[in-house]
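Note that the protein sequences, when read in sequence, are chains A and B.
Under my numbering, the first residue of the first sequence carries the number 16, and numbering increases by one thereafter.
Under my numbering, the first residue of the second sequence carries the number 16, and numbering increases by one thereafter.
Below is one structure; the comments refer to it alone.
There are 2 protein chains.
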Amino acid sequence: MHKAVILTIGDELLIGQTIDTNSAWMGGELNKLGIRIEEKIAIQDTREGIISGIERAMSKANIVLITGGLGPTKDDITKKVMADHFGMKMKFDEPTWERIEGLFARWGRSTTPAHRDQCYMPDGAKILENKMGTAPGMLFEVDGKMLISMPGVPYEMKYIMEYSVLPMLEENYTDQAIIHHTILTAGEGESRIAAQIEDITERLPEHISIAYLPNLGTVKLRLTAIGKDKNKLTEEVKVYGSQIENILGDLVYGHNQENLPSVIGKIALEKKLKIGTAESCTGGLVASKIVSIPGSSAYFEGSVVTYSYKLKETLLNVNTDTLNKQGAVSEETVNEMVAGAIDHLGVDVAVAISGIAGPGGGTEEKPVGTVWIACGNKKKTVTLKIKAGKNRQKNIEYASNYAMNVLRKFLQAQ
Amino acid sequence: MHKAVILTIGDELLIGQTIDTNSAWMGGELNKLGIRIEEKIAIQDTREGIISGIERAMSKANIVLITGGLGPTKDDITKKVMADHFGMKMKFDEPTWERIEGLFARWGRSTTPAHRDQCYMPDGAKILENKMGTAPGMLFEVDGKMLISMPGVPYEMKYIMEYSVLPMLEENYTDQAIIHHTILTAGEGESRIAAQIEDITERLPEHISIAYLPNLGTVKLRLTAIGKDKNKLTEEVKVYGSQIENILGDLVYGHNQENLPSVIGKIALEKKLKIGTAESCTGGLVASKIVSIPGSSAYFEGSVVTYSYKLKETLLNVNTDTLNKQGAVSEETVNEMVAGAIDHLGVDVAVAISGIAGPGGGTEEKPVGTVWIACGNKKKTVTLKIKAGKNRQKNIEYASNYAMNVLRKFLQAQ
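See the structure below:
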């Protein structure tokens with residue numbers, strides 16, 4: 016099986032100034048080709064850092080993808096370090112210069128001496144065209160290994176990957192297939208899910224593995240199969256996947272790239288149901304997640320965020336009496352919020368959330384983290400209480416995820 | 016100078032299923048303490064991967080922070096591999112078990128056998144409390160190096176870092192002082208800000224640097240000073256900081272750990288103003304950001320998210336005529352949305368947003384990315400139009416940030 020290491024160069028990655036999305040994208044693309052990613056290493060923009068990283072990468076893999084450290088400023092030294100390390104001289108590359116001159120002419124700007132310096136390339140490296148910027152990519156073949164160096168600007172890297180690197184890898188470096196299948200669940204914790212499906216996971220063959228990725232009320236289960244025969248792997252993963260889903264039942268809300276808002280959208284569209292939200296402690300977060308999906312205007316009408324008692328009364332018809340006797344965080348209140356939302360928003364199905372996000376506002380009877388959720392239509396409303404933790408932001412996220420899952424299940428049952 | 020390597024464990028990071036934000040945050044925190052981050056390495060969740068990563072890390076640094084690979088399920092093997100590698104036996108840790116039982120009792124749920132297994136810890140590792148989840152952190156001291164292993168769930172890792180790791184590092188592993196001072200701006204781009212303050216930044220002394228961190232309508236300017244004398248550095252950074260702020264004027268909305276919602280809250284509280292939002296394309300995101308601040312119920316009343324034309328009329332009194340003639344994305348509509356929100360929400364100041372987030376819905380006259388924002392009270396409303404890009408999620412974030420800045424400036428002027 017071919018193996019790859021991704022090397023990313025630059026202090027901004029190490030000190031947390033930039034979140035590295037490049038390597039995640041590259042990893043996803045390599046993985047689709049069945050190339051195993053051994054490691055990702057982020058290194059300093061220094062000679063020693065780059066050499067040490069390259070040596071490590073070459074000891075681990077036969078494909079090394081490098082980003083960053085290429086560009087017109089002085090702190091970009093990758094190219095020279097690699098040329099020295101592999102014993103290559105620098106040579107002026109005329110086509111690169113012509114391309115840069117063309118780019119600047121088109122932008123109506125003039126080049127600087129730094130751009131001419133940028134055209135000196137290691138003699139022996141193959142130049143990979145970059146139509147998105149000035150620094151081209153470079154391909155080195157050394158000791159039977161392939162090293163590719165690209166600029167760190169995301170769209171420049173992606174251009175070189177898509178037009179040069181991925182087609183070449185697909186042609187020459189795919190021998191084993193890797194199949195992933197992710198089952199998305201909500202409403203139960205990692206360990207409880209693991210216990211439920213233990214009978215299946217214990218008899219998974221060696222070449223199929225399962226991983227659990229929990230996050231605030233949701234758990235992703237990822238099945239990974241590695242082998243020669245892509246179709247056979249796909250079939251096997253499908254069989255184990257459906258066995259797992261049979262056991263987990265309606266904890267499962269979707270697969271792979273889906274998420275709760277996209278699944279809610281899919282069902283609402285299918286069933287031609289208009290939806291809306293009535294939110295207190297989540298403050299509009301559920302609504303904002305629903306509209307993150309393109310085309311959500313086809314099923315999402317709107318939302319009322321009633322943070323104060325008064326607005327619960329005026330915008331959602333919650334009875335003053337209910338609020339005074341049961342409190343804003345109560346089954347009765349979320350029930351009335353649903354009815355009020357259906358009425359005021361003119362929707363078929365509404366979900367309501369009211370809770371104590373903290374850090375203040377908790378009582379002995381209703382501690383911080385207590386959240387009531389209701390979901391219903393004109394005929395029927397379901398309610399439930401959840402107990403979140405003490406962290407405000409986490410409680411809000413958890414309540415939002417939970418509420419979306421309640422909405423998803425209610426829509427499915429229509 | 017002390018050196019650190021951050022090791023992150025898990026295939027989900029290598030295959031691009033999860034974007035690694037943990038290590039960026041950890042890098043930022045270490046950097047603040049003046050600890051140099053040598054490398055970040057993402058490795059596979061296998062015995063060989065973990066051992067090879069640990070060996071590399073220990074050869075490069077005296078502080079090794081490890082995340083991931085701890086949890087109640089079988090795919091989490093870090094703990095056992097580390098115990099074996101350092102020749103430690105596993106021992107049942109009673110306090111951890113008591114804590115887990117307590118957590119589950121509070122949640123009203125029962126533990127599983129997997130949770131008991133989770134309490135076996137390497138005998139010789141120091142346990143670091145994790146109040147956010149079941150898996151505690153572990154501290155190993157080996158060959159004069161310190162290794163800390165934490166779960167990969169972001170808020171669990173952050174809890175352990177904030178309560179155990181960072182205080183210990185600050186006490187024992189800082190020899191040089193690093194002072195950061197961050198100036199938060201909104202409403203202008205990076206290059207334009209850089210040009211405005213060039214006269215100051217060009218004469219910064221060698222030991223003080225400036226970094227620009229742009230993000231969708233906001234730019235953070237971070238001044239960093241390194242040296243022996245903490246008080247002197249603090250004073251210097253303060254002087255340069257105020258020179259920069261004098262030039263940037265009301266582009267500056269806050270400092271350091273503040274953010275737009277916290278600044279909005281501070282001003283609203285100070286001026287005793289109740290606020291609310293009327294949102295279309297942002298779908299409640301502005302409201303949800305405002306309520307992310309503890310205590311926001313003191314000044315935030317609520318919000319109306321009107322995604323449909325109809326709700327703009329019924330919940331915000333926008334004239335049918337305005338919608339038909341000017342469209343939902345127009346100066347007139349957001350103006351009327353503000354008036355409607357002040358009326359229906361009973362607030363002193365409201366902000367309204369209506370735009371075309373995309374990918375659909377654009378026209379030649381109003382392309383995707385066109386967003387109108389208005390902010391006002393009963394007497395006066397200001398409006399402005401922004402042109403965002405083509406990416407839906409980015410447009411929504413950009414419009415939300417912009418709207419919050421408009422609200423911040425309007426509140427400041429009251």
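The beta carbon of each residue, even a glycine, is placed where N, CA and C say it ideally should be.
Item: List the residues of chain B whose Cβ lies closer than 9 Å to the Cβ of Val254/A, in chain order.; Value: Neighbours of Val254/A on chain B: none; closest Cβ ~20 Å, over 9 Å.
Item: If I measure Cβ to Cβ from Asn420/B and keep anything under 8 Å in the same chain, skipping five residues before and after, which residues do I get?; Value: Ala201, Gly202, Gly232, Thr233, Tyr268 and Leu275
Item: Look at the Cβ atom of Ser415/A, then the Cβ atom of Ile368/A, and state whether they are nearer than 9 Å.; Value: yes
Item: Just the C-alpha distance for Asn145/B and Gly49/B, rounded to the nearest angstrom, thanks.; Value: 25 Å
Item: Taking a Cβ distance cut-off of 9 Å, strictly less, list which residues of the segment 17-46 of chain A are near chain B, in chain order.; Value: Ile21, Thr23, Asp26, Glu27, Leu28, Leu29, Ile30, Gly31, Gln32, Thr33, Ile34, Asp35, Thr36, Ser38, Ala39, Trp40, Met41, Gly42, Gly43, Glu44, Leu45 and Asn46
Item: If contact means a Cβ-Cβ distance below 7 Å, which residues of the segment 370-392 of chain A contact chain B?; Value: Pro374 and Gly375
Item: Using a Cβ cut-off of 9 Å, which residues of the segment 358-369 of chain B contact any Cβ in chain A, in chain order?; Value: His359, Leu360 and Gly361
Item: Taking just the CA atoms, how far does Arg423/A sit from Gly310/A?; Value: 17 Å
Item: Closer than 9 Å, Cβ to any Cβ of chain B: which residues of the segment 301-320 of chain A, in chain order?; Value: Val301, Ala302, Ser303, Lys304, Ile305, Val306, Ser307, Ile308, Pro309, Gly310, Ser311, Ser312, Phe315, Glu316, Gly317, Ser318, Val319 and Val320
Item: Between Phe155/B and the rest of its own chain, which residues show a CB-CB distance below 7 Å, the 5 nearest in sequence each way excluded?; Value: Met97, Phe101, Ala140 and Leu162
Item: So Ala418/B and Thr297/B are in contact, right, with Cβ under 8 Å, and what is the actual spacing, rounded?; Value: 7 Å
Item: How long is the line joining the alpha carbons of Glu285/A and Leu45/A, rounded to whole angstroms?; Value: 35 Å
Item: Let me know the secondary structure DSSP gives Ala428/A once reduced to three states.; Value: coil
Item: So, using beta-carbon positions, are His222/B and Ser206/A closer together than 9 Å?; Value: no
Item: With DSSP run on the structure shown, which of helix, strand or coil describes Glu273/A?; Value: coil
Item: Could you confirm whether any beta carbon from chain B is found closer than 9 Å to the beta carbon of Gly298/A?; Value: yes
Item: Beta carbon of Leu12/A, beta carbon of Ser303/B: below 9 Å?; Value: Summary: the structure shown does not reach residue 12/A, with chain A confined to residues 16 through 429, and so no result is reported for it.
Item: What separation, rounded to the nearest whole angstrom, lies between the Cα atoms of Ile388/B and Tyr413/A?; Value: 30 Å
Item: Can you look up Val278/A in the DSSP assignment and give me helix, strand or coil?; Value: helix
Item: Taking 9 Å as the CB-CB cut-off, is Leu48/B touching chain A?; Value: no
Item: Going along the segment 403-418 of chain B in order, which residues come within less than 9 Å of chain A, judged by CB to CB distance?; Value: Arg407, Gln408, Ile411 and Ser415
Item: Roughly how many whole angstroms lie between the Cα atoms of Tyr170/A and Leu228/B?; Value: 18 Å
Item: DSSP on Thr33/A, reduced to helix/strand/coil?; Value: coil
Item: Return the bridge partner residues of Arg51/B from the DSSP annotation.; Value: Lys18/B
Item: Among Ala283/B, Lys106/B and Ser323/B, which has the Cα closest to the Cα of Phe315/B?; Value: Ala283/B
Item: Is His222/B helix, strand or coil when you go by DSSP?; Value: coil
Item: In whole angstroms, what is the alpha-carbon distance linking Gly391/B and Gly370/B?; Value: 18 Å
Item: For the pair the segment 246-258 of chain A and the segment 325-338 of chain A, tell me if three or more CB-CB distances fall below 8 Å.; Value: no
Item: By the three-class DSSP mapping on this structure, what secondary structure does Glu251/B have?; Value: helix
Item: Please give the ranges of any alpha helix (DSSP H) in the segment 279-343 of chain B, keeping only runs that are unbroken, at least 4 residues long and fully inside the region.; Value: 300-305, 324-331 and 335-341
Item: Look up Tyr188/B in the DSSP assignment and say whether it is helix, strand or coil.; Value: coil
Item: Label Phe425/A either buried or exposed according to how many other C-beta atoms from any shown protein chain fall within 10 Å of its C-beta, with 16 as the threshold for buried.; Value: buried
Item: State the DSSP-derived secondary structure class of Gly361/A, mapped to helix, strand or coil.; Value: coil
Item: Name the two residues that bound the continuous beta strand (DSSP E) containing Pro137/A.; Value: Tyr135 to Pro137
Item: I'd like the list of long-range same chain contacts for Gly317/B, defined as Cβ closer than 6 Å, with 5 residues on each side in sequence excluded.; Value: Gly291 and Leu360
Item: Among Met147/B, Asp91/B and Arg121/B, which one has its Cα closest to the Cα of Arg407/A?; Value: Met147/B
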